[in-house]
Amino acid sequence: MKSVCTLLALTGLFASSAFAQSNDAVADSGDGEMVVPQLRPQVPNYSLDTRTFVFPSGLTVYMQEDHSQPMVAITTVFDRGSTADPRGKEGIAHFVEHFWFKSRHLRQEDPETGEILVEGPRTWDVLSEMGCGLNASTSNDWTNYMTICPKSALKPLIKLASLRMTDAVGGTYPEEVESEREVIRNELRMRMENGGGEALRYIYDRIYAPDHPYHHMTIGTHSSLDNVTHADIEQFTKDHYRPENATIVIV
């Protein structure tokens, strides 16, 4: 998970780097041969000045304080991706990533029956109304959720990050699975069945054995997506969206 902070460091490093051409570089050596200029990077000293917190639960949090912009960015990375997909339900890790945006955590429930008394807005709508930019992605070995918001959203963002580890898809319904399945099918058609995606699948089929966790593509197949149920999604989050599998970066 240190790669997350490394990525942040590289982003700042290259954004602030200045490359200068060597003074002794010339275009022609005199005998007709071209001389390639030597580019020498001049990189100023840079420090992320991060603080690291490791909790008894296993959760790791990196924090960086910078008051140059009135914004806050929180990225949560779970050390679980498509390699955690159950056999026959390939693509469920990516399905869960989509489904999290449908969660409703502001709902009011009857404390005795659990019946929903007031239906709250979806997480996607809550973050959008706060002026946030948000996205998520799933890879073979990890899933991450990225939010950039006005600084006033810090406390709600931390609350949502907490809920993602305890009640990731709370407030969602089985009937919503079908509509999201169609969204993922369209992504599958666009990314995998229209251009270079099929070539990538062809390569994976031949590099990795059928029982290897990298053999199947992260997005799954139409048939494996058919097998994903709401109960499967809830179980996947209970099994994998846990503090010991999570790293949170707060800037």
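Add 1029 to the 1-based position in the sequence shown for our numbering, that's all there is to it.
Heads up, the beta-carbon is just placed ideally off N, CA and C, and yes, glycines get one too.
Everything numeric in this text was worked out from a predicted model, so none of it was measured.
For the region 1054-1098, the continuous beta strand (DSSP E) assignments of 3+ residues that do not extend past its boundaries occur at 1068-1071, 1079-1083 and 1089-1093, in sequence order. Annotation: H1259 to P1203 spans about 5 Å, alpha carbon to alpha carbon. Here T1142 carries a coil assignment [DSSP, helix/strand/coil]. S1166: member of the beta strand (DSSP E) spanning G1162 to T1167, first to last residue. The C-alpha of P1185 is placed about 23 Å away from the C-alpha of P1140.
With a minimum length of 4 residues, the unbroken runs of alpha helix (DSSP H) contained wholly in the region 1159-1209 fall at 1183-1193. Straight through space, the alpha carbons of G1249 and R1116 are spaced by roughly 11 Å. Two segments are said to touch when three or more pairs of C-beta atoms, one from each, lie closer than 8 Å; by this definition the region 1073-1092 does not touch the region 1206-1219. Between L1229 and G1120, the gap from beta carbon to beta carbon reaches 8 Å or more.
Spanning the alpha carbons of T1247 and H1096 requires a straight line of approximately 38 Å. Beta-bridge analysis with DSSP links F1107 to T1172 and A1275. With the rule of 3 Cβ pairs closer than 8 Å, the region 1145-1159 does not count as touching the region 1207-1214. Taking a C-beta distance under 8 Å as the contact criterion, W1129 and T1105 do not qualify as a contact pair.
Looking at the DSSP output, A1228 sits in no beta bridge, so it has no partner there. G1200 places its beta carbon 8 Å or farther from that of R1271.
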